[in-house]
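Peer 1: Each residue of the sequence shown is one higher than the one before, starting from 1 at the first, in our numbering. We put the beta carbon where it would ideally sit given N, CA and C, even for glycine.
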Amino acid sequence: MQTFTFRRGAAGAAVEVAVDDHNLTVTRGRRTSVVNYAELTGVRWLHTASPQRVDFGLVLKTPRAKTVINSNSRASMADQDALADAAAAALIAIEHKRPDLELTVAPSPAFAWGIFACFAVPTLLGLLFGLMLIAEPGGLLYGVFGLLVGGLSLISAWSARPWRKPARYSLAEFAKRLAAPAAPG
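1. Would you call the stretch 163 to 181 and the stretch 136 to 146 in contact, with 3 or more CB pairs under 8 Å?
2. Which value, in whole angstroms, describes the spacing of the CA atoms of Ala90 and Ser108?
3. Please state whether DSSP places Arg177 in a helix, a strand or coil.
4. When the Cα atoms are used, what is the spatial distance from Glu95 to Asn36?
5. Give the straight-line distance between the Cα atoms of Gly42 and Tyr142, rounded to the nearest whole angstrom.
6. What would DSSP say about Gly130, mapped onto helix, strand or coil?
7. Counting Cβ pairs, one atom from each stretch, are 3 or more of them under 8 Å apart for the stretch 111 to 119 and the stretch 80 to 89?
8. Please go through the stretch 76 to 129 and give each complete beta strand (DSSP E) segment of 3 or more residues, from N-terminal end onward.
9. Quick one: residues in its chain with C-beta nearer than 6 Å to the C-beta of Thr3, no 5 flanking neighbours on either side, listed in chain order?
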């Protein structure tokens, strides 16, 4: 059995991840989750970026529950490395027990739809505002501005579209990516 301990940030309880041949055990404070590899229905690597931080982690889905082992860029590098090592060890153990599973790399569906909506609504309003005002006397400048805002929002909405196909990797291949040292610079 391999055991990894890390913190997800400066505050909060330490997370302990224990990986063995049949189960993954995650302990956060007083709460413990056990995932049996035979029950897994999905494995996903989440990666969500914002100007303030980057969130990342491993999501393991079973018919009964979803277990998340995650951290963010505000955690120390040692803690980020411990999370990557724990996720790589878990993926290798799961690969041995369940070679049929693939890992997808995608944000959570709720987050993806939320970001899309944040840009789709201004797209619609900006384009409607621009089209309504462009024909009005003295409204050319406001109409062009509305069309510009709508067009820029459309580009952002399209880049955040939640229905695009996520990247897929074999568990062993992604474990190697996590274990690889970061490029300098």
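Peer 2: A quick look at the data gives this:
1. Under the 8 Å Cβ criterion, the stretch 163 to 181 does not count as touching the stretch 136 to 146, having fewer than three qualifying pairs.
2. 20 Å
3. helix
4. 13 Å
5. 49 Å
6. helix
7. no
8. 102 to 105
9. Ala18
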